[in-house]
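A.B. asks: Note that the sequence shown ends on residue 555 in the working numbering; no numbers are left out. Just passing along the structure, written as structure tokens.
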Amino acid sequence: MDGKVLAALERVAQSFRVLQWQEAREHRLTPLQLQLLVRLLAHREGLYASQLARTLGVTRATASEAVTALLAKGLVERRAATGDRRRLLLSLTQRGREVAMRAAAWGEAARAALQQVPAPERAALLLFLMRFIAELQRAGVVTVARMCITCRFFRPDAAPGTPQPHYCALLEQPLAVESLRVDCPEHQPAVA
Numbered sequence: 364m365d366g367k368v369l370a371a372l373e374r375v376a377q378s379f380r381v382l383q384w385q386e387a388r389e390h391r392l393t394p395l396q397l398q399l400l401v402r403l404l405a406h407r408e409g410l411y412a413s414q415l416a417r418t419l420g421v422t423r424a425t426a427s428e429a430v431t432a433l434l435a436k437g438l439v440e441r442r443a444a445t446g447d448r449r450r451l452l453l454s455l456t457q458r459g460r461e462v463a464m465r466a467a468a469w470g471e472a473a474r475a476a477l478q479q480v481p482a483p484e485r486a487a488l489l490l491f492l493m494r495f496i497a498e499l500q501r502a503g504v505v506t507v508a509r510m511c512i513t514c515r516f517f518r519p520d521a522a523p524g525t526p527q528p529h530y531c532a533l534l535e536q537p538l539a540v541e542s543l544r545v546d547c548p549e550h551q552p553a554v555a
């Protein structure tokens with residue numbers, strides 16, 4: 364069965380690559396440039412180039428090359444970080460934000476297909492994927508996974524059998540499966 368699961372995940376990954384290529388081509392971007400814009404859209408405070416490289420699983424040189432192209436296209440800007448003027452944060456320009464918002468729509472076809480799956484199955488899928496990503500992170504395949512389930516504040520199954528079975532000790536509130544985050548800015552890795 365593992366082979367079938369991996370084959371199914373590969374098909375999903377392939378469909379995502381096709382959708383990203385189509386969207387990137389429409390905006391005259393590479394798929395990596397598209398991913399950088401969408402990632403920056405999710406982090407309005409900005410990110411360092413090293414953070415972008417780490418979260419996308421590319422080298423700093425590759426990320427730097429993509430950032431240079433986005434700077435030249437006027438989609439990204441650099442600004443000094445608060446407290447350390449030597450470090451430069453990357454953020455979207457207004458035009459970059461507009462392009463990123465349109466480009467983020469690459470997943471609409473997948474989102475529409477996902478809506479056809481019953482909510483309980485989607486919740487189970489989310490938990491499975493988060494656990495799978497966490498295992499890939501432990502194996503060193505995924506470098507950054509700031510998910511609830513890998514956070515020191517996460518308490519799984521704190522209230523089993525309830526609509527909000529999990530608990531976040533940082534927010535001091537119960538969490539439903541659909542409230543779990545795949546990329547949480549407050550994430551602090553759990554101690555193994």
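Just so it is clear, CB atoms sit at the ideal spot from N, CA and C, and this is done for glycine as well.
Within a Cβ cutoff of 8 Å, which residues of the same chain sit near Thr456, ignoring the five residues on either side of it in sequence?
C.D. replies: Your numbering for residue 456 matches position 93 in the sequence shown. These residues qualify, in order along the chain: Gly437, Leu438, Val439 and Glu440.
A.B. asks: What are the start and end residues of the alpha helix (DSSP H) that includes Pro394?
C.D. replies: By one-based count along the sequence shown, residue 394 stands at place 31. Unbroken alpha helix (DSSP H) run through Pro394: Pro394 to Ala405.
A.B. asks: Alpha helix (DSSP H) containing Ala416: first to last residue?
C.D. replies: As a working mapping, residue 416 is identified with position 53 in the sequence shown. Looking at the DSSP string, the run of the alpha helix (DSSP H) that includes Ala416 is Ala412 to Leu419.
A.B. asks: Taking 7 Å as the cut-off, does the CB of Val421 come closer than this to any heavy atom belonging to the ligand GTP?
C.D. replies: With respect to small molecules bound, the structure shown includes none, and the ligand GTP cannot be examined in it.
A.B. asks: By the three-class DSSP mapping on this structure, what secondary structure does Val507 have?
C.D. replies: The count along the sequence shown starts at 1 and reaches residue 507 at position 144. Coil.
A.B. asks: Pick helix, strand or coil for Glu484, following the three-state DSSP scheme.
C.D. replies: Counting from one through the sequence shown, the residue named residue 484 turns up at place 121. Helix, per DSSP.
A.B. asks: With DSSP as the reference, please indicate the residues paired to Cys531 in a beta bridge.
C.D. replies: If you number the sequence shown from 1, residue 531 lands on position 168. According to DSSP, which records beta bridges pairwise, Cys531 is partnered with Phe517 and Gln536.
A.B. asks: Should Glu535 be labelled buried (16 or more other beta-carbon atoms within 10 Å of its own) or exposed?
C.D. replies: Here residue 535 corresponds to residue number 172 of the sequence shown, with the count starting at 1. By the 10 Å Cβ count, Glu535 comes out exposed.
A.B. asks: Measure the Cβ-Cβ separation of Cys511 and Ala553 and say whether it is below 8 Å.
C.D. replies: Position 148 of the sequence shown, counted from the first residue, corresponds to residue 511. Position 190 of the sequence shown, counted from the first residue, corresponds to residue 553. No. Outside cutoff.
A.B. asks: For Ala444, name the three-state secondary structure that DSSP assigns.
C.D. replies: Locating residue 444 in the sequence shown gives position 81, where the first residue counts as 1. Three-state DSSP puts Ala444 in a strand.
A.B. asks: Measure the alpha-carbon distance for Arg544 versus Leu415 and round it to whole angstroms.
C.D. replies: As a working mapping, residue 544 is identified with position 181 in the sequence shown. As a working mapping, residue 415 is identified with position 52 in the sequence shown. Straight-line Cα distance between these residues: approximately 18 Å.
A.B. asks: For a quick check, are the C-beta atoms of Leu452 and Leu410 less than 8 Å apart?
C.D. replies: Position 89 of the sequence shown, counted from the first residue, corresponds to residue 452. Position 47 of the sequence shown, counted from the first residue, corresponds to residue 410. Cβ atoms of Leu452 and Leu410: closer than 8 Å.
A.B. asks: The alpha helix (DSSP H) that contains Ala468, what's its start and end?
C.D. replies: As a first step, residue 468 is located in the sequence shown; it is residue number 105 there, counting from the start. Where Ala468 is concerned, there is no enclosing alpha helix (DSSP H), given that its DSSP letter is neither H nor E.
A.B. asks: Write down the C-beta distance between Ala617 and Ala412 rounded to the nearest angstrom, noting that I regard them as a contact closer than 8 Å.
C.D. replies: Nothing can be reported for residue 617: it is not among the residues displayed for the chain, which extend from 364 to 555.
A.B. asks: Go ahead and pull the three-state DSSP assignment for Leu543.
C.D. replies: Position 180 of the sequence shown, counted from the start, is the residue given in the question as residue 543. In the structure shown, Leu543 sits in coil (DSSP, three-state: anything other than H, G, I, E or B).
A.B. asks: Quick one: any contact between the segment 473-488 and the segment 394-409, if contact means 3 or more CB pairs under 8 Å?
C.D. replies: The segment 473-488, when compared against the segment 394-409, does not touch it at the 8 Å Cβ threshold.
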